[in-house]
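Novice:
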Amino acid sequence: MPNPRRSQFPADFRWGLSTSAFQVEGAANVDGRAASIWDTFCAEPGRIRGGATATQACEHYDRSDEDLSLIKTIGANAYRFSVSWPRILPNGRGTVNVAGLDFYDRLIDGLIERGIDPWLTLYHWDLPQALQDKGGWPNRDTAFAFEEFADAVSRRVGDRVRNWITHNEPWCSTIKGYFEGEFAPGLKDLGAAIQSTHHVLLSHGLAIPVLRQNVPQALCGIALSLHPIFAASESEADHAAMVRHDGIRNRWFLDPLYGSGYPEDILAELGASAPTIQSGDIDIISTPTDFLGVNYYFREFVADDAKELPVRTRVTETAAADRTGFNWEVYPEGLTDLLQRLERDYRPGPIVVTENGATYPDELDPEGAIKDSDRVSFIRRHIDALHLAMKGGVDVKGYFVWSLLDNFEWAEGYSKRFGLVHVDFQTQKRTMKDSAKWYSEFLRN
Ligand code: FCB
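The sequence shown begins at 6 in our numbering and counts up by one.
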């Protein structure tokens, strides 16, 4: 297959790198930051592989200058980062911690000086613990607290940041956090999780007018983790399972965002766990946005399984040989299909691939190089897949690799490296992997 070329894409296409606050910043107890639910979760025995915490992570809070220069060296023209809510509003709402805002102010200036476009995500899962103590996302008040957070951040940096992402992957912050228990706050309560999905979406809709008010030229969107879903067999039961699984994984978020409310089949399936919705909520959730952020990693195969909540489906293993270090199948075609499906079913306007990347067991060789040819191939093939969707008429405006740096990979601690840049967590030394060099060459040609 020929290598993709940058010149095949529009000149104003955004080529970026992504990170999130909790995964890279460290400086957990500095300049007035309070605890988030992830700090609490990390402190609980058995939650994180190896008992890792993110108190230091990549020390990006203190090394941001070096990290921004790496982005510049790679040649990306956009950087997606998130803002730590407990740095800005340590109590979740109320008093604003100016020192916290100062950090992002410097970061954004540093990006602009280097000609890199800042893409700001408000919520990448680090809810202030103070809000979890009041019930967290199952509590409707949290949606209004988020509106306050959006206001505080956009007032301060809205003069320099044009691209705003309200939430990163509501599926993970709600279903994985409140139902599956694998992510903070580690609960196993389906009703609470589903109610959380509603409040996260509501908070997204509440924040959009605030952002538009504070940021005259704002472009606003949300980033969803979306998965093409396949049936594990040709049986009718597995086919129906595929429809239901797509319903909870994808349509549950897309349908209300694009104006048709929660999918009826899934509401019926959830029964008593369906969310409480107040009048007007659905209109707020479908407030028009400027782009849809798509985080794409893998597809899923599902089988019918009456015992499994929330929608009687079980994700099955396949025999696929090509897998990343997370055991996720490498399936670039899924990105083409997904983008085409979004265009066909939702007409979301411009789409931005806000995350795509892979973890592999990278090792420094004796010369100190990291020859991550699997990652190079992963990224190259996904850029091709993206290009194919664009040729088919999908309006894609940008592509962000996850991630700039190896970082704190949630429940997996530091055991899963996703960076184009290797981080030695003992010394904090950064080393460009071959994938960073490949991306850089691609961007320069
Ligand atoms: C996504 C998350 C991101 C990172 C990647 C690997 O689900 O948004 O923070 O953990 O997966």
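We put the beta carbon where it would ideally sit given N, CA and C, even for glycine. Values in this document were obtained by computation on a predicted structure and should not be read as measured data.
Candidates M247, D288, E241, I282: which alpha carbon is nearest Y263's?
Specialist: Comparing Cα positions, the closest option is D288.
Novice: If you compare alpha carbons, which of I42, A273, F86 is closest to G252?
Specialist: The option with the nearest alpha carbon to G252 is A273.
Novice: On the three-state DSSP scale, how would you describe C63?
Specialist: Residue state, collapsed to three classes: coil.
Novice: So, using beta-carbon positions, are D36 and A104 closer together than 9 angstroms?
Specialist: Taking 9 angstroms as the Cβ cut-off, D36 and A104 qualify as a contacting pair.
Novice: So what does DSSP say about Y84, is it helix, strand or coil?
Specialist: Strand.
Novice: In chain order, which continuous runs of the alpha helix (DSSP H) of length 4 or greater are located wholly inside the region 268 to 339?
Specialist: Fully enclosed alpha helix (DSSP H) runs of 4 or longer: 269 to 275, 286 to 290.
Novice: Beta carbon of P95, beta carbon of A39: below 9 angstroms?
Specialist: The answer is yes: Cβ separation under 9 angstroms.
Novice: Give the straight-line distance between the Cα atoms of T436 and H65, rounded to the nearest whole angstrom.
Specialist: Straight-line Cα distance between these residues: approximately 15 angstroms.
Novice: Just to confirm, are L211 and A155 a CB contact at a threshold of 9 angstroms?
Specialist: Yes.
Novice: Out of curiosity, what's the CA-to-CA distance linking R385 and R217?
Specialist: C-alpha separation (whole angstroms): 36 angstroms.
Novice: Just how far apart, CA to CA, sit L125 and A242?
Specialist: Near 42 angstroms, if we compare the C-alpha coordinates of A242 and L125.
Novice: According to DSSP, simplified to helix, strand and coil, what is T126?
Specialist: Of the three classes helix, strand and coil, the one that applies to T126 here is strand, per DSSP.
Novice: On the criterion of 16 or more Cβ atoms from any shown chain inside 10 Å, does N300 qualify as buried, or is it exposed?
Specialist: N300 comes out buried.
Novice: Check this for me: beta carbons of V320 and T329, under 9 angstroms apart or not?
Specialist: Going by C-beta atoms, V320 is not nearer than 9 angstroms to T329.
Novice: How should N450 be labelled, buried or exposed, when 16 other C-beta atoms within 10 angstroms of its C-beta is the threshold for buried?
Specialist: Exposed is the call here.
Novice: So, is T100 buried or exposed, given that buried needs 16 or more other C-beta atoms within 10 angstroms?
Specialist: So T100 ends up on the exposed side.
Novice: For W130, collect the residues of the same chain with a Cβ closer than 6 angstroms to its Cβ; drop the 5 residues on either side in sequence, then sort them by chain order.
Specialist: If we look at W130 and ignore the five residues flanking it on each side, its Cβ neighbours are S178.
Novice: Here's the rule: buried if 16 or more other CB atoms are within 10 angstroms of the residue's CB, otherwise exposed. What is E239?
Specialist: When all chains shown are included, E239 counts as exposed.
Novice: Which residue wins for smallest C-alpha separation from D260, given the options L297, M247, G191?
Specialist: Nearest option by C-alpha distance: L297.
Novice: Indicate, with yes or no, if the ligand FCB has a heavy atom lying under 8 angstroms from the CB of F423.
Specialist: Yes, the Cβ of F423 comes within 8 angstroms of a heavy atom of the ligand FCB.
Novice: Tell me whether S230, by its Cβ, gets closer than 8 angstroms to a heavy atom of the ligand FCB.
Specialist: Yes, the beta carbon of S230 sits closer than 8 angstroms to at least one heavy atom of the ligand FCB.
Novice: Below 8 angstroms on the Cβ atoms is my contact criterion, and I expect F306 with A245 to pass it. Report the Cβ-Cβ distance as a whole number of Å.
Specialist: Contact doesn't hold; Cβ gap of about 14 angstroms is too wide.
Novice: Are there any heavy atoms of the ligand FCB lying less than 8 angstroms away from the beta-carbon of H129, as far as the coordinates show?
Specialist: Yes.
Novice: Throw me the rounded Cβ distance for the V215 and P175 pair, which I believe falls under 8 angstroms.
Specialist: Wrong, their Cβ atoms sit about 18 angstroms apart, outside the cutoff.
Novice: Confirm the yes/no value for this check: CB of S89, any heavy atom of the ligand FCB, distance under 8 angstroms.
Specialist: S89: no, Cβ never under 8 angstroms from the ligand FCB.
Novice: Along the beta strand (DSSP E) that carries T436, what are the first and last residues, could you check?
Specialist: From DSSP, the beta strand (DSSP E) with T436 extends over 435 to 437.
Novice: Nearest by alpha-carbon distance to A390: which of A57, S378, D379, Y404 is it?
Specialist: Cα-wise, what sits closest to A390 is Y404.
Novice: Between which two residues does the alpha helix (DSSP H) harbouring V29 extend?
Specialist: From DSSP, the alpha helix (DSSP H) with V29 extends over 26 to 29.
Novice: How would you call A48, buried or exposed, if buried means at least 16 neighbouring beta carbons within 10 angstroms?
Specialist: The residue is exposed, with fewer than 16 neighbouring Cβ atoms inside 10 Å.
Novice: For A324, count neighbouring C-beta atoms within 10 Å of its own C-beta (all shown protein chains included) and say buried if the count is 16 or more, exposed if not.
Specialist: So A324 counts as exposed.
Novice: Along the chain, where does the beta strand (DSSP E) containing F235 start, and where does it finish?
Specialist: Element bounds for F235: 234 to 236.
Novice: Among residues of its own chain, excluding the 5 on either side of L229, which ones have a beta-carbon nearer than 6 angstroms to its beta-carbon?
Specialist: For L229, where only same-chain residues beyond five positions count, the Cβ hits under 6 angstroms are F258.
Novice: Determine the direct distance from the alpha carbon of D439 to that of D4, and round the result to whole angstroms.
Specialist: The question about residue 4 has no answer, for the chain in this structure spans 6 to 450.
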